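Our numbering puts the first residue of the sequence shown at 383, with every later residue one more than the last.
A virtual CB, placed ideally from N, CA and C, is assigned to each residue, including glycine.
Values in this document were obtained by computation on a predicted structure and should not be read as measured data.
Remarks on the structure that follows.
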Amino acid sequence: MDAKLILDFLRQVAMNNNRPWFQEHKAAYEAAKTEFEHGVAQALEHYVGFDDSLAHLQVKDCTYRFYRDTRFSPDKSPYKNHMGAYISARGKKSLHGGYYIHLEPDACLVACGSYWLPTNILTSCRNEIMGNTDEWLRCVESKEFVKYFGDQSEPCTERESWTTKQGFGMEKLKTCPAGFLRDWEHVRYLRLKNYCCWHRVGDDFFEGDRWLKETEKMFRAAKPMQDFINGVVDDYE
Numbered sequence: 383m384d385a386k387l388i389l390d391f392l393r394q395v396a397m398n399n400n401r402p403w404f405q406e407h408k409a410a411y412e413a414a415k416t417e418f419e420h421g422v423a424q425a426l427e428h429y430v431g432f433d434d435s436l437a438h439l440q441v442k443d444c445t446y447r448f449y450r451d452t453r454f455s456p457d458k459s460p461y462k463n464h465m466g467a468y469i470s471a472r473g474k475k476s477l478h479g480g481y482y483i484h485l486e487p488d489a490c491l492v493a494c495g496s497y498w499l500p501t502n503i504l505t506s507c508r509n510e511i512m513g514n515t516d517e518w519l520r521c522v523e524s525k526e527f528v529k530y531f532g533d534q535s536e537p538c539t540e541r542e543s544w545t546t547k548q549g550f551g552m553e554k555l556k557t558c559p560a561g562f563l564r565d566w567e568h569v570r571y572l573r574l575k576n577y578c579c580w581h582r583v584g585d586d587f588f589e590g591d592r593w594l595k596e597t598e599k600m601f602r603a604a605k606p607m608q609d610f611i612n613g614v615v616d617d618y619e
């Protein structure tokens, strides 16, 4: 994948996020879009080697429109400043957790899991964590998970974001959720409002083909956590 071409185009969009400029540079957009979709096709072919549930997916099942929906946003910029692909066995609109790659100048990252879940499913996930604690800890406190997504045994802050190098759970409750034991030893996992882990990478990370093996390592490390949560989520879909 020619990540440099994609990121150079996205830098230009960030400085010229308006329709007249975009129309004049439509060919550059098409070139960047084609390169990104080529990368997603490579990813699908590669990742099916460790997750055969992805075998039926096509590029269009994983990518998003570059045009922003500005109807309810104070930011009226018509175009996104990134290109991302969410590779989930049940589709990009499903609650089923998946693998995410994100290309944005100075903000590239790799993520895995479920970014948003409704309250009833979150409650079920928390019950599952309490009911199968040992299995859960093997998922999120393994050597490989900690290597890529941070030490989950450390006390969690109220909120993290993709601006940090790595992490797990972008939003957290200030206290234990209602109905659960406040003094439970692993209560930090009950405070999570999502089960998404991420790892920031440099702008040169996606250049060439090496990123396929590197992201595979990260996704393999995160897959046990994702499978654990999907075991709950899939009961609702």
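Between valine 441 and tryptophan 580, the beta carbon gap of about 22 Å keeps them out of contact (Cβ cut-off 8 Å). Taking C-beta separations shorter than 6 Å and ignoring five residues to either side along the sequence, the partners of tyrosine 497 in its chain run Asn576, Cys578, following chain order.
Nearest to glycine 549 by C-alpha distance, out of Val583, Asp565, Lys556, Phe562, is Val583. The Cβ neighbour count for glycine 613, taken over all protein chains shown within 10 Å, is under 16; the residue is labelled exposed. In summary, glycine 590 is exposed, with fewer than 16 beta-carbon neighbours lying within 10 Å of its beta-carbon over all protein chains present. With contact defined as three or more Cβ pairs closer than 8 Å, the stretch 550–566 and the stretch 507–517 are in contact. In the DSSP assignment, tyrosine 429 falls within the alpha helix (DSSP H) that extends over 408–429. For methionine 397, the closest alpha carbon among the candidates Tyr461, Tyr446, Arg447 is that of Tyr461.
Lysine 386 sits close to aspartate 586, with the two beta carbons spaced by under 9 Å. Following the DSSP letters along the chain, one finds alanine 603 inside the alpha helix (DSSP H) bounded by residues 592–615. With contacts defined as CB atoms closer than 9 Å, proline 606 and serine 524 qualify as a contacting pair. The stretch 422–435 makes no contact with the stretch 450–458; the number of CB pairs closer than 8 Å stays below 3. In the DSSP assignment, cysteine 507 falls within the unbroken alpha helix (DSSP H) covering 501–513. Here phenylalanine 588 is not near isoleucine 469, since their CB atoms are 9 Å or more apart. For leucine 389, the enclosing alpha helix (DSSP H) has its first and last residue at 385–397. Going by DSSP, valine 528 is part of the alpha helix (DSSP H) stretching over 525–531.
Under the three-state reduction of DSSP output, tryptophan 580 falls in the strand class. Per the coordinates, the alpha-carbon of tryptophan 403 lies some 29 Å from the alpha-carbon of tryptophan 544.
Taking C-beta atoms as the reference points, tryptophan 518 and histidine 568 count as a pair closer than 9 Å. The beta carbons of glutamate 412 and aspartate 384 sit about 13 Å from each other, so the pair does not count as a contact at 8 Å. For the set Glu619, Lys529, Leu392, Arg602, the Cα lying nearest the Cα of aspartate 488 is the one of Leu392. Annotation for glycine 480: the continuous beta strand (DSSP E) segment containing it runs 480–485. Here the alpha carbons of glutamine 394 and tyrosine 449 stand approximately 15 Å from one another. Apart from the 5 residues on each side of it in sequence, histidine 428 sits with its Cβ closer than 7 Å to the Cβ of Leu594, Glu598 in its chain, given in chain order.
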